[in-house]
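Have a look at the structure below, then the notes.
Below, the structure written as structure tokens:
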């Protein structure tokens, strides 16, 4: 047997690629096999980062923070737009500046006013508490405080009441077509029906002893308003010398006050008192409004019958 002969003649010879591989096993050798997390060199000598390596958490959080600050102006803009739309078409806050509506409303209360229903043609009804623009001459002697820039902005978007607009808040007592009157020592009467005002009139007040009035026929499209604190309210009674004779056009009505929103310990709704739902109150107004057409028809009937008889008689004689 020849010395140096290889055993295992069936094993394949080493390929050139295998010969080019770096030796393995020498301590401290620089040709060690790369670990799984290291960068790998491709055939064209470019360096690629393994897809399995996770992103840095700090960089991800920084991108999220930058994204939030970029979106914040947009969110603020949308919120302001919604507030403006709500103020214009839905509800608006108003502050009570006087004691004329005590005890129903106190000075400093904030009420929310429904501005939506008037857009659909709803008219103020008896017993509702409404906010309306000064019809002219009601607040001439009242000086409004000069608002600052912040107050102007907040009132513009509806988060604060406007201090520049001259608005009033009273209770609707009579509407167009009603006849309203009040004699000293008596109750307010609407269409001949006495109102029971104990549930809302200020304790100790009389219905109208300080300023009796009427009877007054309220024109169509107008309302007669009075404060719940009768002896401390310059309402319709005190402006009869002005155009409208104390009545307010429904076009000047901003909307109905529906709830006391602030302070929270006075949170409450503002319903219509039961006395305005008494039987016969509306019927009298309807009958009065319907009287002219009924009288017109009644007056026309004899003329129609007379003409028919004349035409019939003429045809018979011919």
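Residue numbers (the working numbering): 54 to 371.
Note that beta-carbon positions come from the ideal geometry of N, C-alpha and C, so glycine has one too.
7 angstroms CB neighbourhood of residue i in its chain, flanking five on each side removed
| i | result |
| --- | --- |
| residue 259 | 283 |
| residue 265 | 235, 236 and 237 |
| residue 130 | none |
| residue 295 | 189 and 190 |
| residue 333 | 246 |
| residue 249 | 328 |
| residue 305 | 185, 186 and 188 |
| residue 123 | none |
Neighbourhood of residue i by C-beta distance below 6 angstroms, restricted to the same chain and skipping five residues each side
| i | result |
| --- | --- |
| residue 180 | 325, 326 and 329 |
| residue 276 | 177, 225, 228 and 301 |
| residue 269 | 233 |
| residue 253 | 157, 281 and 326 |
| residue 231 | 243, 244, 271 and 338 |
| residue 293 | 299 |
Test item: CB-CB of residue i and residue j under 8 angstroms
| i | j | result |
| --- | --- | --- |
| residue 271 | residue 222 | no |
| residue 314 | residue 182 | no |
| residue 261 | residue 243 | no |
| residue 312 | residue 186 | no |
| residue 274 | residue 229 | yes |
| residue 384 | residue 225 | A question about residue 384 goes unanswered here, because the residues of the chain that appear run from 54 up to 371. |
Counted within 10 angstroms of its Cβ, other Cβ atoms place residue i as buried (16 or more) or exposed
| i | result |
| --- | --- |
| residue 227 | buried |
| residue 331 | exposed |
| residue 318 | exposed |
| residue 289 | buried |
| residue 251 | exposed |
| residue 320 | exposed |
| residue 167 | buried |
| residue 158 | buried |
| residue 377 | Residue coverage of the chain in this structure runs from 54 to 371, which leaves residue 377 outside it and unanswerable. |
| residue 127 | exposed |
Anticipated Cβ contact below 8 angstroms, residue i with residue j, distance rounded
| i | j | result |
| --- | --- | --- |
| residue 374 | residue 152 | Residue 374 is absent from the structure shown; the chain starts at 54 and stops at 371. |
| residue 146 | residue 165 | 6 angstroms |
| residue 233 | residue 190 | Wrong, their Cβ atoms sit about 21 angstroms apart, outside the cutoff. |
| residue 176 | residue 303 | 6 angstroms |
Neighbourhood of residue i by C-beta, 8 angstroms cutoff - its chain only, sequence neighbours within 5 removed
| i | result |
| --- | --- |
| residue 255 | 155, 156, 281, 282, 283, 284 and 285 |
| residue 291 | 264 and 299 |
| residue 149 | 158, 159, 160, 161, 162, 163, 164 and 222 |
| residue 96 | Any answer about residue 96 is weak, because its pLDDT of 45 lies below 50 and its placement is not dependable; what the coordinates show is given next. The answer is none, since no qualifying residue turns up. |
Limits of the beta strand (DSSP E) - the one that residue i falls within
| i | result |
| --- | --- |
| residue 260 | Where residue 260 is concerned, there is no enclosing beta strand (DSSP E), given that its DSSP letter is neither H nor E. |
| residue 282 | Per DSSP, residue 282 belongs to no beta strand (DSSP E) and is neither H nor E. |
| residue 310 | 306 to 315 |
| residue 163 | 163 to 167 |
| residue 270 | 266 to 270 |
| residue 222 | 220 to 228 |
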